[in-house]
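Residue numbers for the sequence shown follow the numbering used here, beginning at 935 and rising by one. For glycine and all other residues, C-beta sits at the position ideal for the given N, C-alpha and C.
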Amino acid sequence: MCGRYKRKSDKQRIAEMFAVDAGIEESEFEAGEDLRPQSMQPVVFTDERGARRMEVMRWGLAMPDRLLINARAEGIAGSRFWGESFAYGRAIVPGDAVFEWQSVAGGEGDPAPRGRKRPKYEITLKGQEPFGMAAVWRLWKNPKTAQMERSFAILTGEPNETVARIHDRMTTFLEPRDYDEYLATSQRSPVHLLRILPAERMQMRLVEEMPVAVLENQMNLF
935 MCGRYKRKSD
945 KQRIAEMFAV
955 DAGIEESEFE
965 AGEDLRPQSM
975 QPVVFTDERG
985 ARRMEVMRWG
995 LAMPDRLLIN
1005 ARAEGIAGSR
1015 FWGESFAYGR
1025 AIVPGDAVFE
1035 WQSVAGGEGD
1045 PAPRGRKRPK
1055 YEITLKGQEP
1065 FGMAAVWRLW
1075 KNPKTAQMER
1085 SFAILTGEPN
1095 ETVARIHDRM
1105 TTFLEPRDYD
1115 EYLATSQRSP
1125 VHLLRILPAE
1135 RMQMRLVEEM
1145 PVAVLENQMN
1155 LF
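Structure (structure tokens):
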């Protein structure tokens, strides 16, 4: 999954890397070392006029019992919930690193004891700052304000051999050469672009270990 990420690139850098030609001046946001679900973050998409637009959207779709921050890449084109968003609301989320916590069992497959620490890893892509995460967006009702707002979810897929050591899901990263096709408003579904990034293209390092109780409190909306 992708539950936290970092973005140090400003809007000028994002506009340059993702060929944005609309919404640059209107988009106001700051860099973040620990970006979390329900925050407002910059997203790149193709608007109704066919322009490549940058806009700040809310990360996650609030359901009565959970918060949808990720969408499974496998079968997304035919998904009853995400299919329309993948057809008409594809987007790219710029980032410079994603964070993943290693699953730690307490023994015999039990969850880790609450006093146990879970290792936190930072994942970056070699030569891609910022990189582009495949995403989808849709209009969604904010339960706190009752207002409709644009909200997004980041796609995840099967992990490569590096990420598989710590987690069974991985952020779906797009190749820069595929940005145009992924955002194009065409009839062809670009599921072929949702590839597993080769392990040699990324770097993963341990950054800290966090007590399970603290992590559960911080991730209770996931």
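If you reduce the DSSP assignment to three classes, tell me which class residue i lands in.
i     : result
D981  : coil
A1133 : helix
S1019 : helix
L1127 : helix
E1142 : strand
M951  : helix
Q946  : helix
Exposed or buried, what is residue i when buried is set at 16 or more other beta-carbons lying within 10 Å of its beta-carbon?
i     : result
D1030 : buried
M1136 : buried
E1142 : exposed
A985  : exposed
F979  : buried
Nearest to residue i by alpha carbon, out of the options?
i     : options                      : result
S961  : M988, N1094 and Q972         : M988
M991  : G1023, C936, L1059 and K1051 : G1023
Y939  : E1092, I958, E950 and I1003  : I1003
G1009 : I1057, P998, A1021 and R1000 : A1021
S943  : R1014, V977, L1117 and P1124 : V977
D999  : S1037, P1077, D968 and A956  : P1077
Please check the pair residue i and residue j, which I expect to be a contact at CB under 8 Å, by giving their CB distance rounded to whole angstroms.
i     : j     : result
E1034 : I948  : Contact flag wrong, Cβ pair sits at about 23 Å.
D1112 : L1089 : Contact flag wrong, Cβ pair sits at about 13 Å.
I1026 : A1069 : 6 Å
Does residue i have its Cβ less than 8 Å from a Cβ in chain C?
i     : result
P1132 : Within the model displayed, chain C is absent; a lone protein chain is all it includes.
Contained alpha helix (DSSP H) runs [length at least 4] in the segment 1077-1117, N- to C-terminal order: Counting only runs of 4 or more, we get 1113-1117.
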